[in-house]
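Visitor: All residue numbers for the sequence shown refer to my numbering, where the first residue is 69 and numbers rise by one.
Virtual Cβ for every residue (Gly too), placed ideally from N, Cα, C.
For clarity, every value in this text was computed on a predicted model and none was experimentally measured.
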Amino acid sequence: MAGFSAMHVAAVGDGALSTAIKELMALAISVATHCEGCIAFHTHDALRAGATRPQVEEAIGLAVMMGGGPAAVYAASAIEALNQFEAAGVGSDVG
């Protein structure tokens, strides 16, 4: 797990793409591949990295386009995570 953690930190760090963009990509992949734990994790981290609600919603929409009906089911989980993290102040000056 230490190796995977190190890979994760390196992969989402700022580079040619910002951390926020990389987290949005990871969120879209999470929805398309039906990983509920990943959806929560990457929604949280996208907001923390500065992604906006409209950006998260667009990433979720892209995932549904790529993943079809099954991804639409998981998109609902992503919207619920978004609502909960925003209510908790994640990504704002409060949290």
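How big is the Cα-Cα spacing for F153 and M133?
Guide: 24 angstroms
Visitor: Grouping DSSP H, G and I as helix and E and B as strand, with all else coil, what is L115?
Guide: helix
Visitor: For D113, count neighbouring C-beta atoms within 10 Å of its own C-beta (all shown protein chains included) and say buried if the count is 16 or more, exposed if not.
Guide: Per the 10 Å Cβ criterion, buried.
Visitor: Using 7 angstroms as the limit for Cβ to Cβ distance, is A155 near chain D?
Guide: Within the model displayed, chain D is absent; a lone protein chain is all it includes.
Visitor: On the three-state DSSP scale, how would you describe M69?
Guide: coil
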